[in-house]
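What follows is a short report on a single structure.
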Amino acid sequence: SAVISQKPSRDICQRGTSLTIQCQVDSQVTMMFWYRQQPGQSLTLIATANQGSEATYESGFVIDKFPISRPNLTFSTLTVSNMSPEDSSIYLCSVALGLAGRGEQFFGPGTRLTVL
Amino acid sequence: AQKITQTQPGMFVQEKEAVTLDCTYDTSDQSYGLFWYKQPSSGEMIFLIYQGSYDEQNATEGRYSLNFQKARKSANLVISASQLGDSAMYFCAMRKDTGRRALTFGSGTRLQVQP
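Here the protein sequences line up with chains Y and L, keeping their order.
Using the working numbering, you'd call the opening residue of the first sequence number 4 and step up by one each time.
Using the working numbering, you'd call the opening residue of the second sequence number 129 and step up by one each time.
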């Protein structure tokens, strides 16, 4: 398994500001994923972050709003920029383990963001 | 494109009884994985069980088992001997074995275990 930590665990922010969420994994992983879970909803993939390359964003998510860094194989950050109340969500990072595409996928504890 | 369907928004079960949470999926991929996660009110996503599409036997992890019926494209989660601590949201998800390996989630089922 993987031990994943996220900082901060929760935050309350004012609209128009930005928040950077950190994700740290206890082992080297190729792919890290960032998900958003809006209140009462399921998880939606924001982007895939590979070390040494630009993140790949899903439809509806753009780099200017959600810039991502992946400086090494154990760490990534997600920034939520120019926040509005609609950005209030749980943000989770995730890593996939295993060989040849198989195996478990684990999540960090999440960052609960409230935008006022 | 992949799609996961969970048709039970909420389920009740008596403590110590077994419960089945339904999950059907749609994909054109031949090689993929199916997952179940538990999400308590704290918001963390707890990995429960994984089933590969080519695995011949159904996956089991303690009180959790996955009833995998490939021809019917279903991957139901069975929880045996329910406990009060099992009350949570449960999400079914799938991931293809090639490419970006990102998970696609269903809408979830809220399970409440009654004493």
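For glycine and all other residues, C-beta sits at the position ideal for the given N, C-alpha and C.
At what residue ranges does the stretch 163-198 of chain L contain a whole run of the beta strand (DSSP E), taking only runs of 3 or more?
DSSP runs (the beta strand (DSSP E)) wholly in the stretch 163-198 of chain L: 174-180, 192-197.
Can you pull the chain Y residues whose beta carbon is under 9 Å from the beta carbon of L/Leu-231, in chain order?
What L/Leu-231 touches in chain Y: Phe-36, Tyr-38, Leu-46, Leu-48, Ser-97, Ala-99, Gln-108.
What residues in its chain sit with their C-beta under 8 Å from that of L/Asn-186, if we drop five residues either side in the sequence?
Correct list, in chain order: Gln-179, Ser-193, Leu-194, Asn-195, Phe-196.
Does any residue of chain Y have a CB that is nearer than 9 Å to the CB of L/Gly-138?
No - not a single Cβ of chain Y is within 9 Å of the one on L/Gly-138.
Beta strand (DSSP E) containing L/Lys-224: first to last residue?
L/Lys-224 -> beta strand (DSSP E) spans 216-224.
Rounding to the nearest angstrom, what Cα-Cα distance links L/Ser-181 and Y/Gln-40 in this structure?
About 27 Å.
Going by the beta-carbon positions, is the gap between L/Thr-226 and L/Ser-159 smaller than 9 Å?
Cβ distance < 9 Å, so L/Thr-226 and L/Ser-159 count as in contact.
In angstroms with no decimal places, state the Cα-to-Cα distance between Y/Lys-68 and Y/Val-98.
Using only the alpha carbons, I get a separation of about 22 Å.
So for Y/Pro-88, helix, strand or coil by DSSP?
Correct three-state label for Y/Pro-88: helix.
Within 9 Å (strictly less), CB to CB, does L/Phe-196 reach chain Y?
By this cut-off, L/Phe-196 is not an interface position.
Is L/Arg-238 near L/Ala-216, with beta carbons less than 9 Å apart?
Yes, the pair counts as a contact, with Cβ atoms nearer than the cut-off.
Tell me, please, which residues DSSP counts as bridged to L/Cys-151.
Answer is none; L/Cys-151 lacks a bridge partner.
Excluding sequence positions up to five away, which residues of its chain have a Cβ less than 6 Å from the Cβ of Y/Ile-15?
The answer, listed in chain order, is Thr-117.
Starting from the C-beta of L/Lys-224, find all residues in its chain whose C-beta is less than 6 Å away, skip the five residues before and the five after it, and write them out in chain order.
Around L/Lys-224: Asp-157, Tyr-160.
Check whether the Cβ of Y/Ser-4 lies closer than 9 Å to any Cβ atom in chain L.
For Y/Ser-4, the answer is yes, since a Cβ of chain L falls inside 9 Å of its Cβ.
Suppose contacts are defined by Cβ-Cβ distances below 9 Å. Is L/Leu-205 in contact with L/Trp-164 by that definition?
Cβ atoms of L/Leu-205 and L/Trp-164: closer than 9 Å.
With respect to the beta strand (DSSP E) encompassing L/Arg-238, which residues constitute its N-terminal and C-terminal limits?
Here the beta strand (DSSP E) through L/Arg-238 covers 237-242.
If you measure beta-carbon to beta-carbon, which residues of the stretch 187-221 of chain L are closer than 7 Å to chain Y?
Result list: Phe-219.
Going along chain L in order, which residues have a C-beta closer than 9 Å to the C-beta of Y/Thr-51?
Ordered by position in chain L, the residues that pass the 9 Å Cβ test against Y/Thr-51 are Arg-228, Arg-229, Ala-230.
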